[in-house]
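Visitor: Okay, so the sequence shown: first residue is 5 according to the numbering used here, each after it adds one.
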Amino acid sequence: MQPLKSQSMTSLEQSQQGEEDISSDRDFLQELLRVSEDDPTLILHHLEVSPACNSGDNYMSAVTRVRVRGSRKAGTLAMVEWSGRLTTCPEDPGSILSVTEWSGRLTTGPEDPGSILSLTEWSGRLTKDLEDSGSILSLTEWSGRLNTGLEDPGSILSLIEWSGRLTTGLEDLGSILSVAEWLGRLNIGLEDPEGIWSLVLKRQPPKVSTRELLRTDPVFKNETAAYSRVILSFERFSGDGEDAPRVPKCLHANLAFRNDVIVLEDLQPAGFRMCDRQEGLDLEHSKLALQELARYHALSLAMKCLEPEAFLRTRHQIREVIFVQEAAHLFSPSLETACKMAIGGLRISALQAGDDGGPLLLKAVKALESQRGTIFNKMVGLVKPSEPFSVITHGDFWINNILFRYKEEGGGRLAVEDVRLLDLQVARYCSPAIDILHFLYTSTFRDTRRRHYQELLRAYHQSLTAAFQRLVRGSPHEGEVPMTLRELRREVTRCEMYGLFAGMWIMTAVTADVDNLPDVGSYRLEDFYSDESLANWISTQTPSYRQRTKDLVLEYLDKGIL
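1. Just to check my reading of the structure: residue 267 and residue 558 have Cβ atoms closer than 8 Å, yes? What is that Cβ distance to the nearest angstrom?
2. Kindly indicate if chain B contains any beta-carbon less than 7 Å away from that of residue 474.
3. By the 10 Å Cβ neighbour count, where 16 or more other Cβ atoms means buried, how is residue 260 classified, buried or exposed?
4. Per the contact definition of three or more C-beta pairs closer than 8 Å, is the stretch 310 to 327 in contact with the stretch 233 to 244?
5. Where does residue 187 fall in DSSP's three states?
6. If I measure Cβ to Cβ from residue 350 and keep anything under 6 Å in the same chain, skipping five residues before and after, which residues do I get?
7. Using DSSP bridges, identify the partner residues of residue 203.
8. Nearest by alpha-carbon distance to residue 363: which of 31, 70, 561 is it?
9. Could you tell me whether the stretch 275 to 283 touches the stretch 435 to 444, using the rule of 3 or more Cβ pairs below 8 Å?
10. CB residue 449 to CB residue 284, shorter than 7 Å?
11. Which of the three DSSP states, helix, strand or coil, is assigned to residue 469?
12. For the putative contact between residue 282 and residue 548, defined by C-beta atoms under 8 Å, what is the C-beta separation to the nearest angstrom?
13. For residue 270 and residue 361, I'd like the C-alpha separation in whole angstroms.
14. In angstroms with no decimal places, state the Cα-to-Cα distance between residue 582 and residue 296.
15. Go through its chain and collect everything with a Cβ distance to residue 357's Cβ below 7 Å, but skip five positions before and after it.
16. Note down, in chain order, each residue of its chain lying with its Cβ closer than 6 Å to the Cβ of residue 437, except the 5 sequence neighbours on either side.
17. Give the range of the alpha helix (DSSP H) segment to which residue 221 is assigned.
18. Could you pull the DSSP bridge partners for residue 396 from this structure?
19. Quick one, are the C-beta atoms of residue 206 and residue 384 less than 7 Å apart?
20. Could you check what DSSP says for residue 241 in three-state terms: helix, strand or coil?
21. Taking the beta carbon of residue 307 as the centre, do at least 16 other beta carbons fall within 10 Å, making it buried, or is it exposed?
22. Which of the three DSSP states, helix, strand or coil, is assigned to residue 440?
23. Can you name the start and end residues of the alpha helix (DSSP H) that residue 388 belongs to?
24. Give me the residue from 354, 413, 302 with the minimum Cα distance to residue 474.
25. Which residues share a DSSP beta bridge with residue 422?
26. Counting along the chain, where does the alpha helix (DSSP H) carrying residue 333 start and finish?
27. On the DSSP letters alone, give me the boundaries of the alpha helix (DSSP H) that residue 301 sits inside.
28. Tell me the DSSP bridge mates of residue 254?
29. Less than 7 Å separating the beta-carbons of residue 48 and residue 70?
30. Mind checking whether residue 397 and residue 432 have CB atoms under 7 Å apart?
31. DSSP puts residue 212 in a beta bridge; with which residues?
32. Hey, quick one: how far does the alpha helix (DSSP H) through residue 562 stretch, first residue to last?
33. Around the C-beta of residue 114, are 16 or more other C-beta atoms found within 10 angstroms, so that it is buried, or is it exposed?
34. Can you have a look at residue 208 and say buried or exposed, based on whether 16 or more other CB atoms are within 10 angstroms of its CB?
35. Roughly how many angstroms lie between the CA atoms of residue 511 and residue 491, to the nearest whole one?
36. Do you know offhand how far residue 400's Cα is from residue 429's?
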């Protein structure tokens with residue numbers, strides 16, 4: 005399976021799309037990056053904007069990818085409390101110096117008035133008044149290596165306009181120095197003084213009519229809470245270990261300030277790619293995705309045990325935004341239309357099959373007909389919490405919300421090695437089986453499920469157990485199993501109809517031609533569900549849609565669930 009190619013960037017000067025919005029965000033992004041990079045001197049001086057990133061299968065948000073180019077402006081530093089050992093050639097007071105054991109406190113600005121530095125490998129040329137060993141010094145040709153304890157402990161520095169007062173013992177030019185009132189200008193000029201950051205900005209759809217039609221206000225608020233409250237809580241709980249949530253770094257998500265935008269790390273430069281939803285995921289990708297999902301679910305189960313009150317506060321930060329009665333006017337007709345479309349596609353397939361398979365397909369049609377008028381209420385019941393196994397779920401765990409990274413193996417083969425989760429818009433508190441079923445019946449083909457269904461459940465369960473035990477190590481819960489494999493299977497069976505309904509609901513988006521998607525903003529609610537629209541959608545169903553819908557319904561019929 006090959007990942008999709010990344011989109012190319014278009015210069016802001018060459019593209020007017022999004023220019024006004026992004027330019028107005030320049031100062032905002034600069035402040036976010038200054039905090040994120042812990043560098044108050046960072047200056048943004050160039051932005052590039054990609055074409056619209058929304059692929060059309062998620063109308064809930066408008067996504068813009070931005071590449072930010074910036075540099076750290078040379079600024080005046082105040083250095084205090086400096087001391088060091090000076091070694092000179094006694095015969096030549098103006099000779100090359102070697103300064104070692106150098107430490108001090110650096111004042112860089114109000115946000116960080118006292119970062120500790122360790123300076124090593126210093127050399128320079130000293131010019132001083134020979135008559136007065138305590139006179140003003142002028143240090144020139146001064147260079148060195150700065151160890152700040154950051155990820156790059158060896159950034160090259162260039163010090164200019166450097167002066168100070170030197171006090172030494174008159175008898176010994178190599179004695180201990182005490183340097184006070186020391187000022188200089190620091191030019192943080194790495195070989196490439198620029199930094200490049202790639203960000204993703206998520207906003208609600210620009211058209212008010214679209215936001216009202218799709219009820220995106222509570223959805224966007226839910227995602228903001230997921231990043232700003234839930235993920236932060238999980239990160240605090242898990243520390244920096246392997247079980248920290250693997251989602252894009254969030255630079256901004258705030259319910260009170262600038263609540264119109266979520267700013268995330270863009271994972272494309274790190275090599276993460278989205279797979280083609282029309283190809284589905286094979287066993288290798290599916291197993292890795294479910295193992296990562298299990299680690300995410302384990303955070304809830306472990307936090308429930310160790311910090312029950314904190315977890316209760318965390319889980320109440322999000323709420324159900326789809327399967328609630330106040331959204332029934334939108335999503336109930338949508339689910340019913342999806343069922344009608346599936347029935348229409350099955351009828352056409354039955355006619356094409358004739359005696360060879362036609363009767364079975366008509367049986368499937370009858371089975372689906374029996375579900376009409378009940379789907380939304382059944383979904384409401386299925387997503388309600390069921391203790392003791394409920395967790396904070398992803399909510400929309402399917403192929404388009406999962407990124408993979410690859411490594412090359414022999415023969416030019418790409419092997420998947422890492423995964424990240426995207427899009428927490430409909431995060432909810434419910435059975436983990438909901439996420440599992442959502443994934444299996446939207447992102448894999450029937451053959452993969454037929455051959456590997458139990459293997460995938462075992463992979464999920466093993467990852468869940470291992471992550472839980474790592475998280476509770478050293479506590480009274482050490483060695484416990486949060487859920488047995490039998491209990492997991494029982495949960496999946498209890499929630500099984502969710503997979504059928506979710507699969508039918510999303511299959512149009514999964515199999516759609518992205519070049520022929522409708523402009524949702526131009527629709528009214530009644531346009532979606534009219535008989536005319538339904539007939540038009542059935543007539544334009546792709547062969548892929550009909551095949552996958554047929555496979556989905558027949559699988560449930562074979563299992564005796566439908």
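Quick reminder that beta carbons are idealized off the backbone N, C-alpha and C, glycines included. The structure displayed is predicted, hence computed values, not measured ones.
Guide: This is what the structure gives:
1. Not really, about 44 Å apart at Cβ, beyond 8 Å.
2. Structure shown: chain B not included; a single protein chain is present.
3. exposed
4. yes
5. Interpretation of residue 187 is limited by its pLDDT of 39, a score under 50 that renders its predicted location unreliable; no figure is taken from the coordinates.
6. Only 365, 368, 369 meet the Cβ criterion.
7. 70, 269
8. 561
9. Too few Cβ pairs lie closer than 8 Å, so no.
10. yes
11. Residue 469: helix per DSSP, three-state reduction.
12. Contact annotation, residue 282 with residue 548: C-beta distance approximately 6 Å; criterion of less than 8 Å satisfied.
13. Distance from the CA of residue 270 to the CA of residue 361, rounded to the nearest whole angstrom, comes to 47 Å.
14. No statement about residue 582 is possible, as the shown extent of the chain runs from 5 to 566 and does not include it.
15. Cβ-Cβ distances below 7 Å link residue 357 to 365 in the same chain, with the five nearest sequence neighbours on each side left out; the list follows chain order.
16. 495, 496, 499
17. 220 to 229
18. 433
19. no
20. Residue 241: helix per DSSP, three-state reduction.
21. buried
22. helix
23. Careful: residue 388 lies outside any alpha helix (DSSP H) and carries neither H nor E.
24. Looking at the Cα atoms, 302 is the closest of the given residues.
25. Residue 422 pairs with 409.
26. 332 to 357
27. 287 to 310
28. Residue pairing of residue 254 in beta bridges, as defined by DSSP: 268.
29. no
30. With a cutoff of 7 Å on beta-carbon distance, residue 397 and residue 432 are scored as near each other.
31. In DSSP, residue 212 forms no bridge with anything.
32. 547 to 563
33. Any reading at residue 114 is ruled out, since the residue's pLDDT is 38, under 50, leaving its predicted position unreliable.
34. buried
35. 29 Å
36. 8 Å
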